[in-house]
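Chains as they are written, first to last, in the UniProt record's numbering: chain F, 1 to 401; chain C, 1 to 401; chain V, 1 to 401; chain Y, 1 to 401.
Beta carbons are placed, not taken as given, at the ideal position from N, Cα and C, and that holds for glycine.
Quick caveat, the model's predicted, so the values are computed rather than measured.
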C-alpha cells in the first residue's frame, strides 16, 4: 500500500496543471463567445485548434492511450490524475486529444482495427485532424439491456447494408466528425452475445441522415452535440467491419472498461472544481452579518464534499490499478462500483455548490449547472446505476453460493 | 379533520382537468414548435393567446386571486388542487392567467396599489393583456439576506430616481411585459426592515436596459426568460411608489406567502406528472426479459415517489388552510416547511423518472428534464432551503425558551 | 378539507395530556425502579396497576376500540391524536388499556369471537385483568411472506392439536398473560390464503413451553417481553378455533389494519417527544461558547424533524380517515404508506436527538435509545418496509395497466 | 500508488484469520454463556483468558503498538487490515490485547509515562494481566467541547487531590481493571489548552466510587461496561501525574489519533461481517417463491454495502499511511474524515443486514444489533460527527483564505 504517484506522473501533473492555468481556463470564456458569435453553433471555435496545437507542442497529447506505439504509454493508474485534471473544464479533454468518444474509438481501432482501418481512421484521429462518433443506443428499446439493439447490419456481397435508428451519437454535430462506429444486429441466429457487430460508417455515406441534435437539460453541447441518426440502406465496403461479424459485444466490453473509468476520473475533476469554486464563493459572500463560510450548515456541505470526493478518488484509483494488474475482466466489480460512485458524488458536490452560489449557480456564469447536467447523463450512459448495482451484487453473492 | 374537497372545488377540478386534456397537453408540442420556428425566441407563440381566450371563455381565469372583486374568490385551500393541476404543464399557468410573477404582482396591486395604479397596471394584467416582472435580487450580493439589497430609489422632487442592477427578473423577455416592480433602498437611515421600497417602473422608461437573458441550466425559458436589468438614472413619477416609502419588506412579506405556496402546489403537479409518465413508461419498456415495471428497484422508486408526494400535498394543503384561517404570519412555519419540502420532493420524483426513462429523460422528448431544472431553481428562489430551515428551527425553539 | 379535530376529540386530548403530565411521566422512573428492585424482571411493577385504576376512573380506558358496545366508540381518526400522545411514553399505552398486542387481540375477539370466547377472554382483557399474546412469526422461515408459516393446527375429534415453534410472541413474559392467539397451518390443501387458522391457546396448556425471552437491541422489555414458544402436541378444545378453519388470513387482514396504524400513531408520539427533548437539551448545553441551539447544523436537525413529523402525522390521519370512510381494504395503499413512513421518521428524529444528547442519548437516562430500538422493530413487524413498498407500487401501477 | 499489502502483513493477516476461525468465532457463544451463567455479569468468562494465552503463544499479541520495544512494531497502515479482522468479533480485540481503552492508555504510557509509571502500569497491561479505563467525559457538560471539562486535579504537597464526576469510563466494570487515567482541570488560569492534566488513579484509592454502570441501548457490555465514577477528595501521589501539569490536551491529541483510526478499522470489520452474514442469509431464505437474494431491492442493499465499505477502507488506509508518513497532525483532516465515514458506513451496512434478517436481526442470535449499538456510540465518542465535519471544513477553507 503506497498512496503516492511516481515522479513521472507528478511531473506530468504539474505540467498539465500549469497548462490548464495558462491556456485552458482563460479560454473557456473565449470558446463560449466564439461559439455564440458564429453564424451557426455547429462550428468549431478557432481557439480550440490553437489550444490543441499548444498542447501537442507541450507533449500533452493522447495521454489516455496505454499503447505506447500510438499514445503516451501511461497505465490507467498513471493516467487517472491527469484525466481528473482535464475533467475540471468542459473544453479541456479535447485540447489534449483525450475526449470521448474519440478516445474509445481510438482504443477500438488500436486493439481490433485492421492495418487499413488504422491508416485511414486511427491516424487522423490520433493527430486530432478528424473526430468520430459512436452509434449504439436506440430510441425504440431499453438500452440498459444492450441485447435489445435492433439496427441491422447485413452482408450483401462486398458490402454491408445498415438500417436502423440510433441516438445519442455524441460528437456528430462537429463538422470535423468523419465517421461513426455503428453497432448493430448482424447474426440474429447466433448465441445472444455473438449476434452484434461493429462497423465503420463514414458520415457522408448516402443514407446517413442526422435527424436532429438532442439537448441535455437544455444544453445543445455544440459543436459536439448528440445526434439522432437514421441509417437508411447505408452501404459500406465489407472491410469496414471491425474484427469480424458477431464481435460487437466483445469489442464493447474492451471499449467500455477504460471509457467508464475515464468518465469517473473526469467526474472527480468536476467535483473538485465545484468544491474549489464553492469554497472561494462562501468566503466572499456575506449574509446575516457574516461570510457564508461561517455558517455551520455550509461547512457541512464542504466537509461532506471533501469526504465524498476523497473516497471516490481512491476507489477510482484502485479500479484503475486492478485494470492494469489483473485486467478489466477481474476488475469488473470495481469498475461497476466506481461507475456508480463517481457521477453521484460529482452530482452531490455540484448540487451543493449550486445551492451555495444561489441563482448564479444555475446560470452560465459558472460551470456548475453545465457540469451537473453532464454528470447526470453519466448515471445513464455506459449502463445505468441500477444495472451496475445488480451486477455488483451478483458478483458479491457469487462468493457464497 | 376532513380530507375531501367541497363540491365547488371538485367541479372546478374536473373542468380544469378536462381543459388540460383537451386544450393544454395537445398544444405543448405546438407551443415549442411555434417558438422554434419564429425568427426570434422572444416572441409569443400564437397558440398561447388562443388557449387563453378559451380558458377565459370557460371561466377558468384568475383562479389564484382570493379577492372576489377581481378574481375567482377562492381560498388558498380551494385554489391548491387547481394550481397543482396547472403545475403539470409548463405552459398551463399562463393559459389560466395564473402564472408567476404576474400573480404576485397582481396581489401586490390589489392589496397595496392606489386606484390609479390599479387602473393603469392591474386591470390589463387581470385581463391578460400585458405581463410584468419583479426586480428584487441582485448579482453583487447574497440575496438570501434581502437586507443586502443595494439598488437605490431616491426621491427627486416629483420623481423617484432608480439606480442599480437586478437580475432574475423573470418574464422580462416577453414582448408583452410592460413594467417591473422594483425593490430598492430608499431610506438607508431607517430601521433595517423599513429601508426599502417597491416602485413601478415601465420597461420603456429611459435608462432601463436589459443586459442579457440568463439561462437556467441550458434553458432560456423563452419567451418569458430571466433578465439581468440595469437601471441607470431611471426616473419615474412619484405616484409609482407602492403604498409608501419604506414599505418594501412589508409588501414583500404579503407577496411571498401566497407566491411560495403557489410554487409548491405546482411542484406537486410536476411530481404527479413525472410519476404518471414513469409508471406508463416502465410498463412498456422491456429489459432482461421483463417489463421494467417488474423490477423491484423500480417499484421502490414508484412507491417512494407516491409516499413523498402524498405527504407533500397534505402539508401544502395544511399550510394553505392555515393561511386562510389564521393568516400568513401565524402560518409562516408551515409556509417555510412546505417551501422546503415541495421542490425537493418534485426533484426526487423527477430524478427517478429521468432514470427510468434512460437518456430520453434528459432530452426534450419528455418534460422531465425541463421540469427538473425549473424545480431546482425553487430551492433557491423565494429564500433558499437552508434559510427556511433556520427559520423553522427558530420558531420551533421559541416554544421552549 | 378541514384540518382541525372535533370538540370531543380536543377535550379528550386535553384530559389525556393532563393525565400524562400528572400520572404517567412522573412514574416512568418509578416503574423502572420497581422493575429493577423486584427479584425477577418478569413481574408487574405495582405502580402500573395503580395508574390503570386512575385511568379507568378518569374514563381514559379502551379508547382504541371503535366498537362502542365494548370501547370508547371513537373512529380511527378520532383515536389518532390520543394514541399519538400515549406513544410518547413506553408505559402509557398499557395504563389506558390500549397496548399491543392486546388491542389487536380484543379487536379480533370483538369481530370474530364466539359469545363464549368473548365472555371468557375478551371481557377480562377489556377490564385489564389479564393480558394476551399473538403467536404468528416463526424462526425457521421468512415471515415477510406469511404463507411460509409452518406450525400445524390439526383437528383430532373434539380438539385441535398444535405443533410448532413461534417467536416474537410479545407480552408472553408478563405473569398476567393468560392466552395466545396462535396462527398455523390447518388446511394444507386449501387455496393459499385459506390454509391457515387462528386459535386460542391458554398458556398453561400442557405442551406450551416458553423457550426463552428474546432481547431487542439488548432490551428485554420486561415484564412484557418477546417469547420464543414451543408448542408440542398442545391440545385445546375445538371451540377455541376463531371464526372457523382457514380463516387465519382473513382475520389477520382485519387485525393488521388498525394494528398498523396504531403503531404509526405511537411512532409519531415518540418522534414528538424526541423533538421536544432535543429542543430543551440544546437550549441548555453550551459548547464552543454558545448554546448548541445556536449551531446551524443542529437547527437543521430540528427543522428537518419538524418537517418530517408534520408530514407523517398528516398521512397517518388521512389513512385513518380513509379506514373510517372507505374501509381498510380501499385504504390499503395509504396504510402501507404510513407503515413505511412513520417508523422511519421516528427513527430519524430519535437518531438526531440521540446525537444532540451526546453519550447520554444512548443511555437509560433519557427514553431516546429505548424508543429507537422499539421503532427499529417496526420496520420489520407487520410486514417489513420493502414488502410494503412493493405493494404500494403494485397498486400504483394498476391504474395504468 | 500501490494497492497491496507487504508479504509480512499478508502473512499476519492469514494467521489472524485462521486464529479467528479456529479460536475466536467458535467461542463467541461460549463467552456469552459463561457470562450468563456466572453469578454476576461483572466477572471475566474463563474462556477469555484461555484465548488470550493461545494468541500470545501464536505471536498475535500487542499488534497495535508501533513501538517495537514494547509491541509488534507495525505501522498504522500495517496494523489496519489486522485490526479490521479483529473488529469482526466483539470479543476478538481483547483476545489479542488490542482492545480499547487499554491500547490508548498503553500508548500514553509508552510515549509520556515515567520509567516508574511504565514499570508499574504499562508492563502488566502489555502482558494482559490487568486492565484500565480512561475518565474524560462528564455528565454535566457538553463534552464535544473538551475545554468544558470541570473535574479538578489540585496539588496538595506531595499529592494531587481529585474531585469530580466522570462517566463513560469504559472497562471499569471488569474486576481486572486496576486504574483510570483521569483528565481534569489543574491549572484554571493557564491558556485554554494548557489548563488540564492527566493523572493515574488506582481504582482502589479511597474516594473513588463507581456510581453505576451505563447501558448502551439495552446492552450492559459486561464485564467491561461503562462506568459513572465519582471522585471525592481522591488523593494520589504526585508522581502519578503524566508528563506534567497542563499537558492534558497535548496527551489527548497524541492518544486520540491512533485511537480513532483503530475504531475505524474495527468499524470496517464489523461492516464486512454484516455483509457476509447478509449474503449468506439471503441466499438461504425464501419468500414469495424465490430466495431473498433474487430480489432486486436486496441486491441493491448488497451492492451499496460493498461500495461503501470499499471506499471507507481505502480512506482509512490512506489516513493510516499519512499518520505513518507525515504524522498525526498533518493527517488530522484525513483522521477526521474517516472518523465520520467509518461508523456511518458500518451503521448503514448493519442496518441493511438487520432488515434482511427480519426480527432475528434485532435479537441476540446474530451479532448485528450488538454491533449496531456499538457503532452508534462511535458517532459520539472521540468527538461527534458534526464537530469533525466543522473541523474538516475549516481545514478545507484554509487553503483559500
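Exercise for the section: Tell me whether residue 149 of chain V sits in a helix, a strand or coil according to DSSP, three-state version. Expected result: coil
Problem - Within the region 45 to 125 of chain Y, ranges of the alpha helix (DSSP H) (whole runs, at least 4 residues) - result: 46 to 57, 76 to 86, 92 to 95 and 102 to 112
Exercise for the section: Helix, strand or coil for residue 42 of chain F, going by three-state DSSP, please let me know. Expected result: coil
Problem - Spatial neighbours of residue 343 of chain F in its chain, beta-carbon cut-off 6 Å, leaving aside the 5 residues before and after - result: 267, 375, 378 and 379
Handout entry: Residue environment, residue 310 of chain F, which counts as buried when at least 16 other CB atoms sit within 10 Å
Key = buried
Practice task
State yes or no: is the beta carbon of residue 144 of chain Y nearer than 7 Å to at least one beta carbon in chain F?
Solution key: no
Exercise for the section: Would you mind telling me which residues of chain V sit closer than 9 Å to residue 129 of chain F, beta carbon to beta carbon, in chain order? Expected result: Chain V residues near residue 129 of chain F: none, gap ~51 Å exceeds 9 Å.
Practice task
Given a cut-off of 7 Å, decide if residue 144 of chain F and residue 341 of chain F are closer than it, judged by their beta-carbon atoms.
Solution key: no
Practice task
List the DSSP bridge partners of residue 209 of chain Y.
Solution key: Y/230
Handout entry: beta strand (DSSP E) segment containing residue 162 of chain V, residue limits
Key = 159 to 170
Exercise for the section: Within 10 angstroms of the Cβ of residue 390 of chain F, are there 16 or more other Cβ atoms? Answer buried if so, exposed if not. Expected result: buried
Handout entry: Beta carbon of residue 236 of chain V nearer than 7 Å to that of residue 208 of chain V
Key = no
Problem - Per-residue DSSP class, three states only, for residue 3 of chain Y - result: coil
Practice task
Please state if the CB of residue 283 of chain Y and the CB of residue 293 of chain Y are separated by a distance shorter than 7 Å.
Solution key: yes
Practice task
Enumerate in chain order the residues of its own chain whose CB-to-CB distance from residue 302 of chain Y is below 6 Å, with the five nearest sequence positions on each side excluded.
Solution key: none
Exercise for the section: Please name the residue, chosen from Y/77, Y/137 and Y/114, that lies closest to residue 384 of chain Y on a Cα-to-Cα basis. Expected result: Y/137
Handout entry: Proximal chain C residues relative to residue 296 of chain Y, where beta-carbon distance stays under 7 Å
Key = 295, 296 and 297
Practice task
On the DSSP bridge assignment, give the partners of residue 404 of chain C in chain order.
Solution key: With chain C covering only 1 through 401, there is no way to say anything about residue 404 of chain C.
Exercise for the section: State the DSSP-derived secondary structure class of residue 235 of chain V, mapped to helix, strand or coil. Expected result: strand
Handout entry: Assigned secondary structure, residue 398 of chain V (DSSP; H/G/I helix, E/B strand, else coil)
Key = helix
Exercise for the section: May I ask you to report which of helix, strand or coil DSSP gives residue 175 of chain F? Expected result: coil
Practice task
Would you decide whether residue 21 of chain C is buried or exposed? Buried here means 16 or more other CB atoms lie within 10 Å of its CB.
Solution key: exposed
Exercise for the section: Give a yes or no on whether 7 Å exceeds the smallest Cβ distance from residue 393 of chain F to chain Y. Expected result: yes
Problem - Segment contact flag, the region 215 to 227 of chain C with the region 358 to 373 of chain F, C-beta cutoff 8 Å, min 3 pairs - result: yes
Problem - Same chain, Cβ closer than 8 Å to residue 85 of chain C, five either side skipped, listed in chain order - result: 13, 16, 17, 20, 92 and 269
Practice task
Give a yes or no on whether 7 Å exceeds the smallest Cβ distance from residue 307 of chain C to chain V.
Solution key: yes
Handout entry: Distance, residue 354 of chain C Cα to residue 204 of chain C Cα
Key = 42 Å
Practice task
Would you kindly work out how many angstroms separate the C-alpha atoms of residue 53 of chain F and residue 27 of chain F, rounded to a whole number?
Solution key: 14 Å
Problem - Amino acids of chain F, ordered along the chain, whose beta-carbon sits closer than 9 Å to that of residue 283 of chain C - result: Within chain F, no residue comes near residue 283 of chain C; the closest Cβ sits about 12 Å away, beyond 9 Å.
Exercise for the section: Return the chain-ordered list of same chain residues with a C-beta closer than 8 Å to the C-beta of residue 331 of chain V, the five sequence neighbours on each side being excluded. Expected result: 257, 319, 322 and 323
Problem - Identity of the residues DSSP links to residue 343 of chain F by a beta bridge - result: The partner list for residue 343 of chain F (beta bridge, DSSP) is empty, contrary to what the question assumes.
Practice task
Name, going along the chain, the residues of the region 370 to 391 of chain F whose beta-carbon falls closer than 8 Å to a beta-carbon of chain V.
Solution key: none
Practice task
Say whether chain Y places a C-beta atom closer than 7 Å to the C-beta of residue 404 of chain V.
Solution key: This structure cannot settle anything about residue 404 of chain V, because the visible part of chain V is limited to 1 through 401.
Exercise for the section: Could you tell me which of Y/278, Y/163 and Y/222 sits nearest to residue 39 of chain Y, measuring between CA atoms? Expected result: Y/222
Handout entry: Pair within 7 Å by beta-carbon distance, residue 70 of chain Y and residue 125 of chain Y
Key = no
Practice task
Express the C-alpha separation of residue 373 of chain V and residue 45 of chain V in angstroms, rounding to a whole number.
Solution key: 22 Å
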